[in-house]
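Take a look at the structure below.
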Amino acid sequence: MLKKVSKIPFSGSPEQEARLKEIIAENCHDKSLLMHVMQQAQNIYGYLPFEVQVMIADGMDIPLEKVYGVSTFYAQFNLTPKGKFNISVCLGTACYVKGSKAVLDKICQVIGIEPGECTPDRHFSIEACRCIGACGLAPVMTINDDVYGKLTVDQIEGILQKYKD
Amino acid sequence: MYRAHVLVCGGTGCTSSNSKKIIDAIEDEIAEKGLADEIKVIQTGCFGLCALGPIMIVYPEGCFYSQVKVEDIPEIVEEHLLKGRPVKRLLYEETVAPDIIKSLNDTAFYKKQKRIALRNCGVIDPESIEEYIAMDGYQALAKCLTELKPEDVIQIVKDSGLRGRGGGGFPTGLKWSFTAKNEADQKYVVCNADEGDPGAFMDRSVLEGDPHCIVEAMTICGYATGATQGYVYVRAEYPIAVKRLSMAIEQAKQAGLLGKNIFNSGFDFDLHIRLGAGAFVCGEETALMTSIEGNRGEPRPRPPYPAVKGLFGKPTTENNVETFSNIPQIILHGAESFASMGTERSKGTKVFALGGKIKNTGLVEIPMGTTLREIIEEIGGGIPNGKKFKAAQTGGPSGGCIPASLIDTEIDYDNLTAIGCMMGSGGLIVMDEDTCMVDIAKFFLDFTVDESCGKCSPCRIGTKRMLELLNKITDGSATMDDLDKLEELAYHVKENSLCGLGQTAPNPVLATLKFFRDEYIAHIVDKKCPAGVCKSLLKYVILEDKCKGCTVCARNCPVGAISGTVKKPHVIDTKKCIKCGACIEKCKFNAIIKK
Chain D
1 MLKKVSKIPF
11 SGSPEQEARL
21 KEIIAENCHD
31 KSLLMHVMQQ
41 AQNIYGYLPF
51 EVQVMIADGM
61 DIPLEKVYGV
71 STFYAQFNLT
81 PKGKFNISVC
91 LGTACYVKGS
101 KAVLDKICQV
111 IGIEPGECTP
121 DRHFSIEACR
131 CIGACGLAPV
141 MTINDDVYGK
151 LTVDQIEGIL
161 QKYKD
Chain L
166 MYRAHVLVCG
176 GTGCTSSNSK
186 KIIDAIEDEI
196 AEKGLADEIK
206 VIQTGCFGLC
216 ALGPIMIVYP
226 EGCFYSQVKV
236 EDIPEIVEEH
246 LLKGRPVKRL
256 LYEETVAPDI
266 IKSLNDTAFY
276 KKQKRIALRN
286 CGVIDPESIE
296 EYIAMDGYQA
306 LAKCLTELKP
316 EDVIQIVKDS
326 GLRGRGGGGF
336 PTGLKWSFTA
346 KNEADQKYVV
356 CNADEGDPGA
366 FMDRSVLEGD
376 PHCIVEAMTI
386 CGYATGATQG
396 YVYVRAEYPI
406 AVKRLSMAIE
416 QAKQAGLLGK
426 NIFNSGFDFD
436 LHIRLGAGAF
446 VCGEETALMT
456 SIEGNRGEPR
466 PRPPYPAVKG
476 LFGKPTTENN
486 VETFSNIPQI
496 ILHGAESFAS
506 MGTERSKGTK
516 VFALGGKIKN
526 TGLVEIPMGT
536 TLREIIEEIG
546 GGIPNGKKFK
556 AAQTGGPSGG
566 CIPASLIDTE
576 IDYDNLTAIG
586 CMMGSGGLIV
596 MDEDTCMVDI
606 AKFFLDFTVD
616 ESCGKCSPCR
626 IGTKRMLELL
636 NKITDGSATM
646 DDLDKLEELA
656 YHVKENSLCG
666 LGQTAPNPVL
676 ATLKFFRDEY
686 IAHIVDKKCP
696 AGVCKSLLKY
706 VILEDKCKGC
716 TVCARNCPVG
726 AISGTVKKPH
736 VIDTKKCIKC
746 GACIEKCKFN
756 AIIKK
């Protein structure tokens, strides 16, 4: 899978680093827990910047190329940050046949970025996601924890307006 | 004792349509009316009828409320729970007869279903081990550990005829016996809950609605095969399932049903959860094990099979969630009872996630051998908006489609394989006449290209080339020669790929080619998309006799492709038109069509 790598500079706080170190210390005895540590790191930073992957590699005593290999292999690991509002449009089969691609295109057109990207002000990010299993509500999108179902293209601008600030 | 129980669905579908807030509202309302000691509110797993969510059932009457809103709660509590008068307006219409309220089991959606794997979903509180035990939970484990030898357990599973529900259909008992006969200092049991097929959600529903059942079944498998450690590999996208499974494991440990010396039998078993990270290929058994070990989830060549050399290089039994969920019932009620259901070579039931262009989207469990017609027309309630049924897609990106002409096919492993389709893990997507089969094949291939792990070249390169050919077909630049190439390449990829992902990736193309070749030809020769889906092949046209010349379309066209004078029919300049559809949406006279 091709991944977009962020050009936005890394900015982590000492607290975040302390929490990551704690998690590494708890899990470094078992190298098979690498993915678990990376998942936790992503919870802390919101994504996996290169600098964080270096810390994990050093802490777990695992080669950096392996950490990078894992982070680029799995769809869940993000190498770009998420916006304040992350929009995720389901492109699972049920949603797709009910027109979710048109919904996604419309959103991209309105906020001016492509799927997998984040706006420079880090306000919106957008992604196409796999089936979230709410097929009864197709087509579905989520904005952070809010779920919008049975969408039509002309609802999009109104919904996005609610998240403008 | 409570005089009434209110069951609210807490599965992912209903949670997405706000069932959490409904539970809060009922609890508040009940407390306010002073009924908290008389009425118990329970959050259950999935009832199956997800299209009508959020769903709520009130016992003892068994009243089935659908599409409940928070605003409806005061009325339901006041009228039904306080005064005993069910609110007919909010009941599922199929259960309302003139003078009685029918049982749910008499409705078309539930009548033909037979719930084994889903038996506790929507019935018990999945977060309570007591409720599971009250439904005979952990009795099968007790029977195994205290009365049966490991080989007896395997024999029962063999006799039941249970086959792997993850898609392949390999006999489960046989799989267990392979691991059992391999000696090793450590063996493992792995539960595959990495349900990656788009449109499939039965494994999630079992984990959310009946997590203890998986804990029990895996422990039984551990006993039968001689494993003392188990791993459940769950998609991280299923937070509710992960939470409930973790709770179940914790509760089982506290109750002594997991851990050391279970039932004083000297048998130890421990369970761990590992979260996936969104890679479809990890649903393949060897890739899944590589992922549990903390690596890129790439498959390994077989042999050696996992029963010989699996997780961490040790003998391993891997089954999927739905397969495990049948085990306790088989042990409790015997192999014969399970084998009495289904067809000759496919026993028991199968859960399908019904989706797409169908009225009752949701989860259904049917005996093997039920026809596709029964599933779609009776259980599913038919196709909405009076459209015609065109095909059903099973098995997701690895499967194929069943065309309308074969709607009377009895669903089981062998019948589906015989028509070039496959059972798959159980996604069943219904398509109507507005669905373009070439576009669907392209959609699935796009998915596999994205998910191919890249380890072997037939899959990595082959699927990509196939997608390019499909793109040529849907944008109108393909020749009949390309169609031959596509078919030839499909067979190459199928035969030469390393793992199940690549070996099955061409299936959607081959199946649509088999049943809908004319649609491919229409795209290639006539440069037309019969279903009106493929954008490049469509033309937007204004019907002269219907156009009133109101100018709305011309004003809304983003590229100025529509021209004409007021009150005279307009025309679209097809060279400028970007086929966005804005004009069709705005036209009040249905004067614009795609052709």
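Each protein sequence line maps, in turn, to chains D and L. Under this note's numbering, the final residue of the first sequence carries the number 165; numbering is consecutive throughout. Under this note's numbering, the final residue of the second sequence carries the number 760; numbering is consecutive throughout. The C-beta atom is built at its ideal place from N, Cα and C for all residues, glycine as well. Everything numeric in this text was worked out from a predicted model, so none of it was measured.
Compare the Cα-Cα distances from residue i to each of the options and report the closest residue.
{"i": "R682/L", "options": "E652/L, V736/L and N485/L", "result": "E652/L"}
{"i": "A696/L", "options": "G431/L, S411/L, S268/L and T600/L", "result": "T600/L"}
{"i": "R409/L", "options": "G213/L, Q394/L and I379/L", "result": "I379/L"}
{"i": "V5/D", "options": "V67/D, L79/D and Q16/D", "result": "L79/D"}
{"i": "D264/L", "options": "K253/L, T272/L, N270/L and T390/L", "result": "K253/L"}
{"i": "S411/L", "options": "G521/L, F754/L, R439/L and T390/L", "result": "R439/L"}
{"i": "K607/L", "options": "I281/L, V674/L and G287/L", "result": "V674/L"}
{"i": "V516/L", "options": "P480/L, E509/L, G329/L and I191/L", "result": "G329/L"}
{"i": "K552/L", "options": "A345/L, E543/L, I523/L and D573/L", "result": "I523/L"}
{"i": "I87/D", "options": "D145/D, I24/D, L34/D and Q39/D", "result": "D145/D"}
{"i": "L256/L", "options": "M367/L, L217/L, E539/L and P239/L", "result": "L217/L"}
{"i": "D375/L", "options": "A196/L, A413/L, V318/L and K620/L", "result": "A413/L"}
{"i": "C215/L", "options": "Q351/L, V235/L and G287/L", "result": "G287/L"}
{"i": "I583/L", "options": "G592/L, A676/L and G391/L", "result": "Note that residue 583/L is Ala in the sequence shown, not Ile. If we check each option's Cα against that of A583/L, A676/L comes out closest."}
{"i": "G46/D", "options": "K84/D, L151/D, V70/D and Q155/D", "result": "K84/D"}
{"i": "I638/L", "options": "G665/L, I405/L, K693/L and L172/L", "result": "K693/L"}
{"i": "K425/L", "options": "F229/L, S570/L and D433/L", "result": "D433/L"}
Taking all protein chains shown into account, decide if residue i is buried (16 or more other Cβ within 10 angstroms of its Cβ) or exposed.
{"i": "D362/L", "result": "buried"}
{"i": "F10/D", "result": "exposed"}
{"i": "A452/L", "result": "buried"}
{"i": "S728/L", "result": "exposed"}
{"i": "F50/D", "result": "exposed"}
{"i": "S490/L", "result": "buried"}
{"i": "R461/L", "result": "buried"}
{"i": "T311/L", "result": "exposed"}
{"i": "M383/L", "result": "buried"}
{"i": "P251/L", "result": "buried"}
{"i": "M602/L", "result": "buried"}
{"i": "R767/L", "result": "Given a span of 166 to 760 for chain L in the structure shown, any question on residue 767/L remains unanswerable."}
{"i": "F73/D", "result": "buried"}
{"i": "V407/L", "result": "buried"}
{"i": "R720/L", "result": "exposed"}
{"i": "T93/D", "result": "buried"}
{"i": "G627/L", "result": "buried"}
{"i": "L708/L", "result": "exposed"}
{"i": "M645/L", "result": "exposed"}
{"i": "A299/L", "result": "exposed"}
{"i": "R130/D", "result": "buried"}
If the criterion is Cβ atoms closer than 9 angstroms, does the pair residue i and residue j meet it?
{"i": "E589/L", "j": "A365/L", "result": "Looking at the sequence shown, residue 589/L is not Glu but Gly. Yes, Cβ-Cβ distance for G589/L and A365/L is below 9 angstroms."}
{"i": "D435/L", "j": "L423/L", "result": "yes"}
{"i": "L137/D", "j": "V153/D", "result": "no"}
{"i": "K679/L", "j": "A670/L", "result": "no"}
{"i": "V97/D", "j": "M166/L", "result": "no"}
{"i": "I457/L", "j": "Y403/L", "result": "no"}
{"i": "G175/L", "j": "I289/L", "result": "no"}
{"i": "N485/L", "j": "S563/L", "result": "no"}
{"i": "G786/L", "j": "N525/L", "result": "Since the first residue of chain L shown is 166 and the last is 760, residue 786/L is not available in this structure."}
{"i": "I132/D", "j": "T177/L", "result": "yes"}
{"i": "I56/D", "j": "I24/D", "result": "yes"}
{"i": "A747/L", "j": "C722/L", "result": "yes"}
{"i": "Q39/D", "j": "A401/L", "result": "yes"}
{"i": "Q351/L", "j": "V529/L", "result": "no"}
{"i": "K629/L", "j": "L663/L", "result": "no"}
Using 8 angstroms as the threshold, is the stretch 684-696 of chain L in touch with the stretch 737-751 of chain L, meaning 3 or more CB pairs across them?
With the cut-off at 8 angstroms, the stretch 684-696 of chain L and the stretch 737-751 of chain L do not touch.
Contact the stretch 620-639 of chain L vs the stretch 468-483 of chain L: 3+ CB pairs below 8 angstroms:
no
By the 7 angstroms beta-carbon criterion, what residues does the stretch 435-452 of chain L contribute toward chain D?
L440, A442, G443 and A444
Any contact between the stretch 324-333 of chain L and the stretch 492-500 of chain L? By contact I mean 3 or more CB pairs, one from each, below 8 angstroms.
As far as the Cβ criterion goes, the stretch 324-333 of chain L touches the stretch 492-500 of chain L, which means the pair count is three or higher.
Using a Cβ cut-off of 7 angstroms, which residues of the stretch 86-100 of chain D contact any Cβ in chain C, in chain order?
In summary, chain C is missing from the structure at hand, where the protein chains are D and L.
Mind the definition here: the stretch 440-451 of chain L touches the stretch 342-361 of chain L only if three or more C-beta pairs lie below 8 angstroms; say whether that holds.
yes
Check distances from the C-beta atoms of the stretch 208-228 of chain L to those of chain D and list, in chain order, the residues that come in under 7 angstroms.
C215, A216 and G218
Taking three-plus beta-carbon pairs below 8 angstroms as touching, is the stretch 95-102 of chain D in contact with the stretch 61-69 of chain D?
The stretch 95-102 of chain D vs the stretch 61-69 of chain D: no contact.
Residues in the stretch 670-693 of chain L with C-beta within 8 angstroms of chain D's C-beta atoms, listed in sequence order?
Here the close residues number zero.
Of the residues that make up the stretch 112-140 of chain D, which ones have a beta carbon closer than 9 angstroms to any beta carbon in chain L?
C129, R130, C131, I132, G133, A134, C135, G136, L137, A138 and V140
Any residues in the stretch 600-624 of chain L with a beta carbon nearer than 7 angstroms to a beta carbon of chain D? Which ones, in chain order?
T600, F608 and D615
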